[in-house]
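Undergrad: Mind looking over this structure? Questions follow.
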C-alpha cells in the first residue's frame, strides 16, 4: 500500500531545561506510544531550511512538503487566503488581515476590534472594490481575521504592511519595498482601497450599533504579509499521491490548500491546546483507508506553549499527543513524525535547532537502535541529519515510488 | 548573554598512528578539560570547505567565520597585508613577500636573507614607488617578511609569483595567469617594481654593511600569493557581534583584520610552540567580560608539529592547550572549539579529513552522549557533520540571534 501519513507537531523541538533535570519537554514527557514507534522505525534530525537557520511556520512546511522556498515562497498572504478557500490566480497579491479599530486620527486603538467574532457582514462591502484596473477581493477568516486579494495586471508583493503591529500609533501607509513601477503601483492601489474601506466601514450601520453597545468599531483593515501568487505544482501531480490536510490553524489549512490538498474539516480540530488530537488521527486513518494516499496532519499547541515559555504545558500537551498516538501504532501505512522547527521555551520563539524525525513502516524502513523519540536520541538515528527538502524524497523512496535517475 | 568564543586549534585533526597505539595525537593526549567540555557540550565533525576537500589555512578560516571563499577569497596576499595593519582599498592587489638574497645572475641564494630580523629600513625606500599610474606600498612584517600592495586602476591578481620558492634558481618573472590586458599589465608593473627594488636594495648602505659582516644582502623582493581586494562585509555588521581576534601568527591576525575584527596584541602570543596559551584565553575572557561579543582565538603550533610529522610534539602541545583550557570550564558564554583542517603527522601537510568540533553553553546546546574530545568520538556527536560555512549560522542560532526566514 503506497500510502503515508505525515504528522507535524509544530515547534516541538526544544532545549534542555534545568527544571526538567536538563531534559527537553519531549524528553521529559512520558511518551510510550511515540517511543514504541521510534523503536519500530528509523530516526533522524531535520532542519527545515538548513542547519542553524530559523524558519517561519510557512517556509518550514513548504520545505517539508517538498517545495523549495526560493522558488515558491513570496510571503504568507497567499497561503493564508488559500486557507480561507479563496481561489488564487497567477499574478494575484494576497494579504492576511485583521479588522481593527482606529480613532479619528487613524491611530490604532485595537488591532482586533475587540476580538470581533464575525467579520463577514463588514467584509462583504469591501469585496469587489475596483480601482485602476485592480479588484480587491475580501473574505472573512476566523474571529477578527480577513483574507484580501488584489487582482489585476502589474502587481508586486514587495510592499510593506499597513498594519503597524501595535496599538497607539497611526496606521502606516503601505510603501514599496523596491524601486519599481509595480511596487509603487501596488502600494498606491492598496492605500486607496484602505482609505475607501475605512470610509465604508466607518459608516456601516453595524459599527454604529457596536458603538452604541460600547464595543470598538471594526473600522479599519490592517493588512500584512503580502505574497505574490505563482502557480504551484499541486502535491498530487508532483508525487502521484492524492492528499488531504488535517489541521486546526488557518495557516496549516492554507498550506494544504496552497499545495492543492483537500482540506478536511474535522470537528474538534481547533489549532488550540483544547484540540481533539484523536479526532484528527481518526480522520487521517479514515482518509487513508479510503481513496487518499497521503495525509498531512498538523498539531499546533506545542509551538504555542513554546512561545509562552510554558514548558510544563508543552510537556503535558506532548503527553496528550502521545496518548492519541496509540491509534497510529498499527496503522498499515508509512508514518512520518516530525516538527516544522524548534520553539525552545527558554527563547519563547522559533529557533534553528534541528527537530526529531522518525519514519515507521514495517518492511519499508530499515529501523535503527533508537528506542525513544527525543531530540538527542534521534540525533543518533539511522536517518542522520536531513533538511526539510529531503523529507518528501525519502518518503517517496520508502514507498517505492521514486523516479529512476539514469538507467 | 549573547556572547561566544571560537577556539581554533590549527591543523589539530590527525590520523591514527601506530606508535600511539593507533590513536591520533588528540586521542592519545591526556585532555581532562577538553573532555569535560565535550561532556557538557554537543559534538560533531567539520570539513571547512567540504568532505574530502583539503583547505589552506586562509580559506578554511574564512569559511568557518562564515565567508564563502568563492565570493571572498582571491589569494592570501590581501589577508596577510591586512594582518600588518595595511589599509586595503577596493581594487588593490596585495602580496606577501620576503626580502631574499640573489647573486649577480639573479639566482636566489637565500630566500630569507639570512633570516634577517628587521626589514623596516630596507622596505622604507620601496614604499611609494610609482609607475604607469600604479603605486607600490610596502611595509615590514615579522623577520624577513614584507607586505606589498599595488594600488591604482586596472590591476588583476591573476599573476604568478616571482618567488621561485627554492634556492639555486633564478628569480621568476611574474607572468599573467590569464589572457587579459589587466593580468598582463599587472605582471609588467610588478616586474618593473621588482627590478627597481633590486637596484635600490643592492645599493642600500645597510646591505653594504651586511656584506662586510659576512651576512647575505637583503637585495631582492620575493612576492607571492597575489590577492585582489574587494570590500568584505565586516563581521560585526554581518552578525551584530563586536569581535576581537587573538592570535600569534600573522595570517590569523590578518584574518581578524580582514574580516574587520579588532586584532589584539597579547604578550606571549607568538604563533609558535612557546606561545602563552593561557594568556590568549585570559585575553578572550577579559574581552567577553567587557564590551566584546565574540572572540576568535587561534593556536598555531598543532599545525606546525603536524607539518613536521612530530606526533609526540603535537600530543604534548595539545596537553598544554588542555591545561590552559581549565580557564574556560566555567566561562559564562557559548564556547565553540574546533580546528581549521587536519594536518596528519603521517602526511606532514594539510588533509581533507574532518576535524572535531564541540559547542558548549548551559541551556543553549542540547548536549549529547560524547564524553571525550577526539576525531572519532566527535564523529558520533549530536551536531553530525558540518561544513565550515555552517559553523557561524549554528553559533548565531544557539545564541538566539538568527533571523527568521518566513513568517
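Chains as they are written, first to last, in this note's numbering: chain A, 2 to 408; chain B, 2 to 408. We put the CB at the ideal spot given by N, CA and C, even for glycine.
Determine the DSSP secondary structure at residue 229 of chain B, reduced to helix, strand or coil.
TA: In this structure, residue 229 of chain B counts as strand in the three-state DSSP scheme.
Undergrad: Closer than 7 Å, CB to CB, is residue 28 of chain A near chain B or not?
TA: No, no contact with chain B.
Undergrad: With DSSP collapsed to three states, give me the class of residue 171 of chain B.
TA: Residue 171 of chain B: strand per DSSP, three-state reduction.
Undergrad: I need the DSSP call for residue 323 of chain B, collapsed to helix, strand or coil.
TA: The answer is helix: DSSP assigns residue 323 of chain B an H, G or I state.
Undergrad: Please list the partners that residue 72 of chain B has in chain A, where partner means a Cβ-to-Cβ separation under 9 Å.
TA: Those within 9 Å of residue 72 of chain B in chain A number zero; the least Cβ separation is about 18 Å.
Undergrad: Residue 267 of chain A to residue 145 of chain A, Cα distance in whole Å?
TA: Near 22 Å, if we compare the C-alpha coordinates of residue 145 of chain A and residue 267 of chain A.
Undergrad: Please state if the CB of residue 408 of chain B and the CB of residue 243 of chain A are separated by a distance shorter than 7 Å.
TA: Contact flag unset, no.
Undergrad: When you compare the CB of residue 140 of chain B with every CB in chain C, is at least one pair closer than 7 Å?
TA: Absent from the structure: chain C. Protein chains present are A and B.
Undergrad: Rounded to the nearest angstrom, what separates residue 212 of chain B and residue 105 of chain B at their Cα positions?
TA: Residue 212 of chain B and residue 105 of chain B: Cα-Cα distance of roughly 14 Å.
Undergrad: So with Cβ pairs under 7 Å, would you call residue 278 of chain B a contact of chain A?
TA: Not closer than 7 Å to any Cβ of chain A, the Cβ of residue 278 of chain B fails to qualify, so no.
Undergrad: Does the distance between the C-beta of residue 226 of chain B and the nearest non-hydrogen atom of the ligand ATP fall short of 6 Å?
TA: Ligands in the displayed structure: none, and consequently the ligand ATP is not present.
Undergrad: By the 9 Å beta-carbon criterion, what residues does the stretch 376-389 of chain A contribute toward chain B?
TA: Cβ contacts with chain B: 376, 377, 380, 381, 385 and 386.
Undergrad: Along the alpha helix (DSSP H) that carries residue 377 of chain B, what are the first and last residues, could you check?
TA: Element bounds for residue 377 of chain B: 376-379.
Undergrad: What does residue 405 of chain B touch in chain A if you count any residue whose Cβ is under 7 Å from its own?
TA: Simply 55, 57 and 351.
Undergrad: I'd like to know whether the C-beta atoms of residue 301 of chain B and residue 307 of chain B end up nearer to each other than 7 Å.
TA: No, these two residues do not count as a Cβ contact at 7 Å.
Undergrad: To the nearest angstrom, report how far apart residue 292 of chain B and residue 285 of chain B are at their CA atoms.
TA: Those two C-alpha atoms are separated by around 11 Å.
Undergrad: Give the straight-line distance between the Cα atoms of residue 362 of chain A and residue 41 of chain A, rounded to the nearest whole angstrom.
TA: Going by the C-alpha atoms only, they are around 8 Å apart.
Undergrad: How big is the Cα-Cα spacing for residue 227 of chain A and residue 203 of chain A?
TA: Cα-Cα distance, rounded: 25 Å.
Undergrad: What residues in the stretch 243-266 of chain A bring their beta carbon closer than 9 Å to a beta carbon of chain B?
TA: So the list reads 252, given in the order they occur along the chain.
Undergrad: Please confirm if residue 307 of chain A has its CB atom under 7 Å from at least one CB of chain B.
TA: Not closer than 7 Å to any Cβ of chain B, the Cβ of residue 307 of chain A fails to qualify, so no.
Undergrad: Going straight from the alpha carbon of residue 152 of chain A to that of residue 59 of chain A, what length do you get?
TA: Computed Cα separation, rounded: 23 Å.
Undergrad: Could you run through the stretch 152-170 of chain A and flag, in chain order, every residue whose CB is less than 8 Å away from some CB of chain B?
TA: Taking 8 Å as the Cβ-Cβ cut-off against chain B, none of the residues of the stretch 152-170 of chain A qualify.
Undergrad: Could you please give the first and the last residue of the uninterrupted alpha helix (DSSP H) stretch that includes residue 259 of chain A?
TA: Residue 259 of chain A -> alpha helix (DSSP H) spans 251-259.
Undergrad: Is the CB of residue 226 of chain A under 7 Å away from at least one CB in chain B?
TA: For residue 226 of chain A, the answer is yes, since a Cβ of chain B falls inside 7 Å of its Cβ.
Undergrad: What's the gap between the Cα of residue 156 of chain B and the Cα of residue 79 of chain B?
TA: Computed Cα separation, rounded: 14 Å.
Undergrad: Skipping 5 residues on each side, what residues in its chain have a beta carbon closer than 8 Å to that of residue 124 of chain A?
TA: Once the five neighbours on either side are set aside, the close Cβ partners of residue 124 of chain A are 100, 139, 140, 141 and 147.
Undergrad: Spatial neighbours of residue 188 of chain A within its chain, please: C-beta separation below 6 Å, excluding the five flanking residues on both sides.
TA: If we look at residue 188 of chain A and ignore the five residues flanking it on each side, its Cβ neighbours are 160, 175, 176 and 177.
Undergrad: Taking the continuous beta strand (DSSP E) assigned at residue 421 of chain A, which residues delimit it?
TA: Nothing about residue 421 of chain A can be read from this structure; chain A reaches only from 2 to 408.
Undergrad: In chain B, which residues lie less than 7 Å from residue 357 of chain A when you measure between Cβ atoms?
TA: Near residue 357 of chain A there are no residues of chain B at all, since even the closest Cβ is about 11 Å away, more than 7 Å.
Undergrad: List in chain order: all unbroken alpha helix (DSSP H) runs of 4+ residues lying wholly within the stretch 283-351 of chain A.
TA: Segments of the alpha helix (DSSP H) lying fully in the stretch 283-351 of chain A: 302-309 and 312-326.
Undergrad: With 7 Å as the threshold, decide whether the Cβ of residue 50 of chain A is near any Cβ in chain B.
TA: Closer than 7 Å: yes.
Undergrad: Taking the C-alpha atoms as reference points, what is the distance between residue 17 of chain B and residue 317 of chain B?
TA: One C-alpha to the other measures close to 16 Å.
Undergrad: Go ahead and label residue 112 of chain A buried or exposed: buried means 16 or more other beta carbons lie within 10 angstroms of its beta carbon, across all protein chains shown.
TA: Burial call: buried.
Undergrad: Taking the continuous beta strand (DSSP E) assigned at residue 386 of chain B, which residues delimit it?
TA: Segment 385-388, the beta strand (DSSP E) holding residue 386 of chain B.
Undergrad: Over the uninterrupted alpha helix (DSSP H) stretch that includes residue 79 of chain B, give me the two end residues.
TA: Element bounds for residue 79 of chain B: 77-84.
Undergrad: Is it the case that the stretch 21-34 of chain B contacts the stretch 394-403 of chain A, given that we only count it when at least three CB pairs across the two stretches are under 8 Å?
TA: Touching, no.
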